[in-house]
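All remarks here apply to the structure that follows.
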Amino acid sequence: MTHLIFKWVINGLYTYFDMCIYNRGGLLFSKEHNFTSEEFSRLPTLRLLELEGGNLVGDFKNFLLSFKWFSWCHCPSDLQVINLCLQNLVVLKLSDSKIPENWNGWGPCLANHDLKVIHLIKCCLSTTPNFSTCLKLRILVFAKHYPESPQISSSIGKLERLKRLEIIADRIQQSKLSGSPYFDLCIVPSTICHLKNLSSLKLEGLHMQELHPSIGELAGLTCLSLMHCRQLRKLPYSIGKLRSLLLLNVYNTRIRELPNSIGDLKMLEKMNLGCTKIRGLPKSVGGLQSLLDLNLRRSKITTLPASIGYLKRLKCLYMLRSKIRELPNSIGDLKSLEEMHLGYTQIRELPNSIGGLESLLNLHLCGKKITKLPACIGRLKRLKHLSMISSKIRELPNSIGDLKSLLPLYLLRLELEDVKSPIVQPLPSKLRYFDHLILGRYGSREIVIEQLESLRRLNVEDCKSLVKLGLSSLGWLQELIIRRCPKLMEIRDLREMESLKVFDIETCSSIERLPKLSELYKLIFLGICDCRSLQWSTESSPELSKHGLLKLSHCESLQGAVPNEWRCNIHACPLLGEYGDLPNFCEWCWQSKRGPRARMRALHC
Ligand SMILES: [Zn+2]
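If you use the numbering used here, the sequence shown corresponds to residues 35 to 639, in order.
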């Protein structure tokens, strides 16, 4: 069966239907159908055609004359057609095809002097056709070629009206050396640089070592992308002449430094220097007065010049996993900065000036290098997200409580190592604006959380040393989740939580008793899983509302009567039996199958 899609225009309206042509030979015909001139004779007004596989066969004289748009996936390497002339073709798209050097389709496809667009995607193509017949071409795209970049006909230099040129390799490629009339892309030749109307140039993943200095002549260029050109070591000084440039992308190249002229790119809005060998930026970078987005992710950058402070419009600064060691004081002058990623860098301390980042919304400080936050952090009044995953920050300044816009404070894996005495690190008393607090791997034996009047959600997870958890005056808390705290013995002051709706405790093997739950009138969910020592007592019985759910699983010691009126799901609690709407899949059982107690537990499930 060949799948054939016709699209054509009747009275200005696009109509579209799928037509399947069945061949008698069975399923193996899929890419073998021959479309004959007779079949097309019934479609004299056909303007758009999309084909997958097959071939054109026969004499096409005076057919397909209205043809404007032609897309062919898996086109044949040898067209079985005579007198084909697509004299009105405007858009040609070929994909997933093996096109030989002297393909007999080029003649008919490139016959129209007004051809505007050529897209060749995933084509195995050793050389490009000669473009001399279609000098009005606006868009030329070669994308995802394999096994090697095609050799480009030097006739490309004649395409004076070309606006967009993309040569994108499927993967990083070695380019062949070649002779006339083709060139390879070891060096971006001056031929391309003669395309004066070019607005977008993408040469990605090519084995290119240099850009010809005449690149600076492309005065209308707004987008230049050279990403994944892993042999490219530098940009020519003439790059500064690209005064219209909005986007410069050299991600994943070997560029070591930027020329001073970079500061002349007054229109530049986005610069991606990620994954490069760049160690420092020239002072002139302060001249990039339109820059909104600077990406230095995974680069070798160690310092930023003080002139960075002149980037008054900069909104995003990405330095994740770069080698940056310190920030200049002028960083605080970035009054428009909304997002700063400093995760997993070499920075140990933040300058006080960061308090001046008055627009900052997101600050990412993940990683183990930063051990201290400056007090000025409290001046970031618009800060909504502060991320400190895997942080070794030992002390939170009291001013953190002034961050009134802050949404969840992620203190995940706040590791307080070497904590000897029970409460070396009390939580700051002024955390009162937080809505959601996540304490993970918190190293203390005792955590006392109080006066967090706005707190609605609290997670305490993976606190291996925690014995006592004190929670007082959390009158607004609605959700309490405690997981994997193997030494936890006591949870105090729970009964004051008048708003608590959800209480979930899991894998706390030392806890024997839950606090009194009978006064928690709003509780609608109580979940207890894998608390091996837990005993049931009448005191711990909650006053679950009618719609509430009690979910007990994997609690070996739990025994006693569960009141009939409750909606219960009980699973793998040998002394209580098993009933309720049990889930088909117990995540805990599944996880524990890898552990040494797996077999024992499997018996209960
Ligand atoms: Zn289970």
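C-beta: ideal position from N, C-alpha, C; glycine also. Note that the structure is a prediction, hence the values are computed from the model and not measured.
- Query: If you check the beta carbons only, do Ser187 and Lys156 fall under 7 Å apart?
  - Reply: no
- Message: Mapping the DSSP letters down to three states, classify Gly474 as helix, strand or coil.
- Response: strand
- Using a Cβ cut-off of 7 Å (strictly closer), state whether Thr162 contacts chain C. Absent here is chain C; the protein component of the structure consists of one chain.
- Query: Going by alpha carbons, who is nearest to Gly504 out of Asn386, Leu522, Arg413, Lys498?
  - Reply: Leu522
- Message: Tell me the DSSP secondary structure of Phe537 in three-state form.
- Response: strand
- Task: Sort Leu328, Ser341, Arg313 by Cα distance to Lys640 and report the nearest one.
- Result: Residue 640 cannot be examined here, being either before or after the span of the chain that is shown, 35 to 639.
- Using the Cα positions of Arg172 and Leu123, report the straight-line distance between them to the nearest angstrom. 13 Å
- Item | Minimum C-alpha distance to Arg359 - residue among Thr79, Met374, Thr337 | Thr337
- Query: Who are His179's beta bridge partners in DSSP?
  - Reply: Ala203
- Message: With distance defined between alpha-carbon atoms, name the residue in Lys346, Met242, Leu511, Asn386 nearest to Pro408.
- Response: Asn386
- With 16 as the cutoff for other CB atoms within 10 Å, does Asp93 come out buried or exposed? exposed
- Message: Taking its Cβ as the centre, do 16 or more other Cβ atoms sit within 10 Å of Gly594, making it buried, or is it exposed?
- Response: exposed
- Message: Quick check: what's the CA-CA separation for Gln243 versus Ile289?
- Response: 10 Å
- Task: May I ask whether a heavy atom of ligand 1 can be found less than 6 Å away from the beta carbon of Trp570?
- Result: no
- Task: Confirm the yes/no value for this check: CB of Cys602, any heavy atom of ligand 1, distance under 6 Å.
- Result: no
- Task: Return the chain-ordered list of same chain residues with a C-beta closer than 6 Å to the C-beta of Glu546, the five sequence neighbours on each side being excluded.
- Result: Ser567, Gln569
- In three-state DSSP terms, what is Glu72? helix
- Of the residues Leu508, Trp510, Arg518, which one's Cα is nearest the Cα of Leu500? Arg518
- Task: Run through the stretch 220-251 for me and flag every whole alpha helix (DSSP H) of 4 or more residues, listed as ranges in chain order.
- Result: 224-227
- Message: Using only the alpha-carbon positions, how far apart do Lys479 and Ile525 sit?
- Response: A quick correction: the sequence has Arg, not Lys, at residue 479. Each residue's Cα considered, the two are about 12 Å apart.
- Message: Given 6 Å as the limit, tell me if Cys623 has its C-beta closer than that to any heavy atom belonging to ligand 3.
- Response: Ligand 3 is absent from the structure shown, which contains only ligand 1.
- Task: Could you check the C-alpha separation between His108 and Glu238 for me, to the nearest Å?
- Result: 24 Å
- Query: Beta-carbon separation of Leu281 and Leu252 under 7 Å?
  - Reply: no
- Task: Could you tell me whether any non-hydrogen atom of ligand 1 is closer than 6 Å to the CB of Ala340?
- Result: no
- Message: Please determine whether the Cβ atom of Cys620 lies at a distance below 6 Å from any heavy atom of ligand 1.
- Response: yes
- What do you reckon, is the C-beta of Ala606 under 6 Å from a heavy atom of ligand 1? yes
- Using a threshold of 7 Å, state whether the C-beta atoms of Glu590 and Asp564 are closer than that. no
- Return the residue from the list Tyr352, Ile365, Ser393 that minimises the CA-CA distance to Met374. Tyr352
- Mind checking who Ile133 pairs with in its DSSP beta bridge? Leu159
- Task: Would you mind stating whether Lys127 and Ser105 have Cβ atoms separated by less than 7 Å?
- Result: yes
- Look at Leu395 and Lys418 and say whether their C-beta atoms are less than 7 Å apart. yes
- Item | Euclidean distance between Cα positions of Ser439 and Leu258 | 38 Å
- State yes or no: is the C-beta of Gln380 within less than 7 Å of the C-beta of Lys406? no
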